[in-house]
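Numbering (this note's numbering), first residue to last: 102 to 379.
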């Protein structure tokens with residue numbers, strides 16, 4: 102697991118491990134955290150509490166002194182970029198910074214400037230910040246209905262995959278919440294591997310059979326490597342992996358379902374469908 106995953110986990114789940122001061126990559130991400138929190142030259146109680154989880158064992162006064170010292174130093178954006186070597190990690194890092202900036206429900210001019218500088222340093226393209234800001238504002242598209250789920254599944258050209266108008270049965274049905282309305286069944290070689298419901302999807306993942314509600318889905322990643330085709334990232338920090346490359350069509354379903362578009366020349370490896378409210 103990458104360090105930026107640990108950082109994102111700390112945003113969502115304070116039980117995850119803290120980063121380690123003194124490690125170059127961790128120091129760069131810690132500096133990014135401080136600059137996002139201190140960009141308006143003040144630290145509120147929520148930001149301070151989060152910093153105390155990231156850097157346990159420091160008294161509040163000591164922590165504030167450290168934040169002010171780091172925040173008043175120039176942010177080494179090259180070091181942050183080095184700490185996030187892959188495109189996927191860089192998109193996660195930018196989203197992390199945006200989520201931290203959005204903790205008070207608004208994006209200040211100083212925070213926007215910092216995000217623009219970070220996006221440029223990470224070489225994510227001219228529209229990267231617009232995209233993550235749009236996500237933080239929660240513009241995920243229209244309300245998900247059974248009709249929209251069915252239309253999204255049927256309009257996608259799947260590769261050797263059957264989309265069936267049948268009831269979901271077996272282990273996949275067992276993990277769906279009671280009363281979940283099934284919409285379509287996804288089968289490969291006549292074996293049911295996924296169920297689409299009005300409220301989410303259930304599937305056999307590398308990590309086990311699970312149900313993911315649409316409201317819990319934050320990002321999905323197209324993974325062009327052996328052993329992983331698609332990864333779904335949930336609000337709790339979990340990652341669920343579809344291994345069969347024939348199931349990559351689910352990303353097109355999600356694109357349609359959440360109205361996620363791409364600007365010309367922009368090819369991020371992660372698409373976020375909703376942001377968090379704090």
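Built from N, CA and C at the ideal position, the CB exists for glycine as well. As the structure is a computational prediction, the values presented were derived from the model and not from experiment.
CA nearest to the CA of residue 144, picked from 170, 302, 245, 233: 170
Residues sharing a beta bridge with residue 263, DSSP: Residue pairing from DSSP places residue 263 in a beta bridge opposite 288.
Contacts around residue 172, its chain only, beta-carbon distance under 7 Å, and the 5 residues preceding and following it disregarded: Closer than 7 Å at Cβ, skipping near neighbours: 135, 136, 139.
Inter-residue spacing [alpha-carbon to alpha-carbon] between residue 267 and residue 308: 25 Å
Residue 359, DSSP secondary structure in three states: helix
Distance CB(residue 276)-CB(residue 310) smaller than 8 Å: Pairing residue 276 with residue 310 gives a Cβ-Cβ distance under 8 Å.
Among 356, 207, 283, 187, nearest to residue 223 - alpha-carbon criterion: 187
Residues sharing a beta bridge with residue 283, DSSP: 298
Alpha carbon of residue 340 to alpha carbon of residue 164, nearest angstrom: 32 Å
Beta-bridge partners of residue 341, as assigned by DSSP: 333
Three-state secondary structure assigned by DSSP to residue 197: helix
Per-residue burial, residue 359 [other beta carbons within 10 Å of its own, 16 or more giving buried]: buried
Distance, residue 296 Cα to residue 332 Cα: 16 Å
Residue 213 versus residue 178: straight-line alpha-carbon distance, rounded: 15 Å
Whole-angstrom distance between residue 185 and residue 194, CA atom to CA atom: Distance between the alpha carbons of residue 194 and residue 185 is about 7 Å.
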